[in-house]
Amino acid sequence: MRELLALLDDPAFLRERDPDGMLETLLGLPEQCREALEHGARIPLPELPLSPAHVVFAGLGGSAVGGDLARLAAGKARLPVLVSRDYTLPPFVGPESLVVLVSYSGNTEETLSAYAEAGERGAARLAVTSGGRLAELAVEDGVPLVRVPGGLPPRSALGYLFLPVLVLLQRLGVFPGGGGLEEIPEVLASLREELGPGKEAKLNPAKELAARLYGKIPVVFGASGTTEPAALRWKTQFNENAKCPAYWNVFPELNHNEVVGFEAPEELLRALYLVFLRDEADHPRVKARQELTERLLAPRVGGSSRFQGRGRTLLGRVLGLIYLGDFASVYLAFLYGVNPKPVAVIDYLKQELARLGEAV
Ligand code: PA5
Numbered sequence: 058m059r060e061l062l063a064l065l066d067d068p069a070f071l072r073e074r075d076p077d078g079m080l081e082t083l084l085g086l087p088e089q090c091r092e093a094l095e096h097g098a099r100i101p102l103p104e105l106p107l108s109p110a111h112v113v114f115a116g117l118g119g120s121a122v123g124g125d126l127a128r129l130a131a132g133k134a135r136l137p138v139l140v141s142r143d144y145t146l147p148p149f150v151g152p153e154s155l156v157v158l159v160s161y162s163g164n165t166e167e168t169l170s171a172y173a174e175a176g177e178r179g180a181a182r183l184a185v186t187s188g189g190r191l192a193e194l195a196v197e198d199g200v201p202l203v204r205v206p207g208g209l210p211p212r213s214a215l216g217y218l219f220l221p222v223l224v225l226l227q228r229l230g231v232f233p234g235g236g237g238l239e240e241i242p243e244v245l246a247s248l249r250e251e252l253g254p255g256k257e258a259k260l261n262p263a264k265e266l267a268a269r270l271y272g273k274i275p276v277v278f279g280a281s282g283t284t285e286p287a288a289l290r291w292k293t294q295f296n297e298n299a300k301c302p303a304y305w306n307v308f309p310e311l312n313h314n315e316v317v318g319f320e321a322p323e324e325l326l327r328a329l330y331l332v333f334l335r336d337e338a339d340h341p342r343v344k345a346r347q348e349l350t351e352r353l354l355a356p357r358v359g360g361s362s363r364f365q366g367r368g369r370t371l372l373g374r375v376l377g378l379i380y381l382g383d384f385a386s387v388y389l390a391f392l393y394g395v396n397p398k399p400v401a402v403i404d405y406l407k408q409e410l411a412r413l414g415e416a417v
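Using the working numbering, the first residue of the sequence shown is number 58, and each one after it goes up by one.
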């Protein structure tokens, strides 16, 4: 453990393990979020229905998680907001719907298929992309387009992918309330001091967690309606950055099935590392479940940690948790000796699917 922590404090080691500068990109997230908020405030208001029956965010992977966060931010809105990660849209989507199509590359076939389907069903559409086919189609069809800066891995463009749309929907009055978003860059900037490479490992929760997770399988438990998007993001960042398996689930559902699996033989359970993500807004009974479950499961697995977000708003706290998981996953990549940036198998699957023929 001590050797691993020392490695993460060695600037030469960090430089050598990060040929594509993922840490640098991650360090820029507070500024990215600030720029994204300003972008959202400046975009001319497009013609969109002001009172859709519901809003569907359609996207995959790194482009979909922003939809989960937008859902959190719309928490007090009466209108249903959901995220669709598929070729097809839910059957109820029709002329009363607003469909936000998010694809960082603009070339993800599932999202292009959802775009076409939303058009066929007469839904209002809003496209979010850095370019690609989605941008071309939106321009051809006169569909409002939020164009975001390109050149990043989609998962590193989190701020660009959801904050401008969120601001836009608040300005249009589709999502009520507004405000609260301005704390996001502040929360992230203060966390950056604690989690960044310059902070020594013994005081840096992200470095410490990466060292603890070395050789283990992360299992991240969030809660429905609060930390759920962070738990999913942690899992996917461990997959894509650290190139390791990782799993996630949410309270209270996991208390009705997953917990039973921890009766498994000790040698299986020792490979798991449990992470509990908590928030002050968790339901009181969920808080009780988290306590009981941690007490029950922590002694049986290879290790466990709990983290609580900080900030005035739920969205700020959840983004803070996401930032911690992002840093931990990049540090873990360095410890495993893998480049956090490339996702060769995702690229391979996209190429092979393209070779098989057009989806849309
Ligand atoms: O992280 C990734 O690279 C993936 O999860 C992508 O976001 C996903 O494949 C969808 O691609 P895009 O975001 O370009 O639509």
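For each residue, glycine too, the CB sits at the ideal point set by N, CA and C. All figures in this text were calculated on a predicted structure; none of them were measured in a lab.
Member of the options whose CA lies at the smallest distance from the CA of residue i
{"i": "LEU94", "options": "ALA355, GLU323, ARG290, VAL203", "result": "VAL203"}
{"i": "PRO210", "options": "ALA303, GLY163, PHE70", "result": "GLY163"}
{"i": "PRO87", "options": "ARG249, ARG367, PHE391, LEU289", "result": "ARG249"}
{"i": "GLU104", "options": "ILE403, LEU245, LEU226", "result": "LEU226"}
{"i": "ALA303", "options": "VAL276, VAL317, LEU71, SER281", "result": "VAL276"}
{"i": "PHE384", "options": "GLU351, ARG72, GLN294", "result": "GLN294"}
{"i": "ALA173", "options": "VAL150, SER187, GLY188", "result": "VAL150"}
{"i": "LEU80", "options": "VAL205, LEU389, GLY414, VAL402", "result": "LEU389"}
{"i": "PHE278", "options": "ALA214, TYR161, PRO309", "result": "PRO309"}
{"i": "SER386", "options": "ALA267, VAL307, HIS313", "result": "ALA267"}
{"i": "LEU62", "options": "LYS259, ILE100, GLY97", "result": "LYS259"}
{"i": "ALA98", "options": "GLY282, HIS313, VAL316, LEU238", "result": "LEU238"}
{"i": "GLU197", "options": "THR165, SER213, GLY176", "result": "GLY176"}
{"i": "THR186", "options": "PRO221, GLY179, ARG178", "result": "PRO221"}
{"i": "GLY124", "options": "ARG342, SER160, PHE391, TYR380", "result": "SER160"}
{"i": "TYR380", "options": "HIS313, VAL317, SER213, ARG342", "result": "SER213"}
{"i": "TYR191", "options": "GLY179, ARG178, THR165", "result": "The amino acid occupying residue 191 in the given sequence is Leu; Tyr does not appear at that position. When each option's Cα is compared against that of LEU191, the closest is THR165."}
Distance between residue j and residue i (C-alpha atoms, nearest Å)
{"i": "ALA131", "j": "LEU371", "result": "11 Å"}
{"i": "ALA41", "j": "LEU349", "result": "Outside the shown range of the chain (58 to 417) lies residue 41, about which nothing can therefore be said."}
{"i": "HIS111", "j": "LEU311", "result": "28 Å"}
{"i": "GLN408", "j": "ARG128", "result": "31 Å"}
{"i": "GLY199", "j": "LEU158", "result": "14 Å"}
{"i": "TYR144", "j": "PRO286", "result": "21 Å"}
{"i": "TRP305", "j": "LEU126", "result": "17 Å"}
{"i": "ALA69", "j": "GLY253", "result": "15 Å"}
{"i": "LEU229", "j": "ASP404", "result": "37 Å"}
{"i": "ARG74", "j": "GLY368", "result": "32 Å"}
{"i": "ALA338", "j": "ARG346", "result": "14 Å"}
{"i": "ARG72", "j": "LEU218", "result": "28 Å"}
{"i": "SER247", "j": "GLY382", "result": "15 Å"}
{"i": "ALA411", "j": "ARG59", "result": "46 Å"}
{"i": "LYS133", "j": "HIS340", "result": "16 Å"}
{"i": "LYS292", "j": "LYS344", "result": "22 Å"}
{"i": "TYR271", "j": "LYS264", "result": "11 Å"}
{"i": "LYS256", "j": "ASP66", "result": "8 Å"}
{"i": "CYS90", "j": "LEU84", "result": "11 Å"}
{"i": "GLU193", "j": "ALA280", "result": "38 Å"}
{"i": "LEU289", "j": "ALA321", "result": "24 Å"}
{"i": "LEU223", "j": "ARG352", "result": "38 Å"}
{"i": "PRO148", "j": "SER170", "result": "14 Å"}
{"i": "PRO262", "j": "LEU102", "result": "41 Å"}
{"i": "LEU215", "j": "GLU240", "result": "16 Å"}
{"i": "GLU323", "j": "PHE391", "result": "29 Å"}
{"i": "HIS96", "j": "GLU251", "result": "28 Å"}
{"i": "PRO233", "j": "PRO106", "result": "14 Å"}
{"i": "VAL122", "j": "VAL316", "result": "26 Å"}
Residues bridged to residue i (per DSSP)
{"i": "PRO275", "result": "TYR330"}
{"i": "TRP305", "result": "VAL277"}
{"i": "VAL140", "result": "PHE114"}
{"i": "ALA181", "result": "LEU155"}
{"i": "PHE364", "result": "LEU334"}
{"i": "SER160", "result": "THR186"}
{"i": "ARG204", "result": "THR186"}
Cβ neighbours of residue i in the same chain (closer than 6 Å, five flanking residues each side left out)
{"i": "PHE319", "result": "LEU354, ARG357"}
{"i": "ARG269", "result": "GLY360"}
{"i": "ARG242", "result": "What sits at residue 242 in the sequence shown is Pro, not Arg. Excluding sequence neighbours, PRO242 sits near PRO87, CYS90, ARG91."}
{"i": "VAL244", "result": "GLY368, GLY373, GLY377"}
{"i": "ILE274", "result": "PRO302, ALA328, LEU329"}
Contact set for residue i: own chain, Cβ-Cβ below 8 Å, skip 5 residues either direction
{"i": "PRO399", "result": "ASP77"}
{"i": "PRO109", "result": "LEU136, GLU153, SER154, LEU155, ALA181, VAL231"}
{"i": "GLY188", "result": "SER162, GLY163, ARG204, GLY207"}
{"i": "LEU413", "result": "none"}
Residue i beta carbon near ligand 2 (any heavy atom closer than 6 Å)
{"i": "ARG212", "result": "This structure simply doesn't include ligand 2; it includes ligand 1 instead."}
Same chain only: Cβ atoms within 7 Å of residue i, ignoring 5 sequence neighbours per side
{"i": "LEU378", "result": "THR284, ALA287, LEU334, PHE364, GLY366"}
{"i": "ARG374", "result": "ASP336, GLY366, ARG367, GLY368"}
{"i": "ALA195", "result": "ALA184, LEU202"}
{"i": "GLU167", "result": "LEU117, ASP143, TYR144"}
Decide if the region 357-364 is in contact with the region 318-330; the criterion is three or more beta carbon pairs, one per stretch, under 8 Å apart. Flag = yes, the region 357-364 and the region 318-330 touch.
Taking contact to mean at least 3 C-beta pairs separated by less than 8 Å, is the region 290-300 in contact with the region 392-399? The region 290-300 vs the region 392-399: in contact.
Can at least three beta-carbon pairs, one atom from the region 112-123 and one from the region 134-148, be found at a separation below 8 Å? As far as the Cβ criterion goes, the region 112-123 touches the region 134-148, which means the pair count is three or higher.
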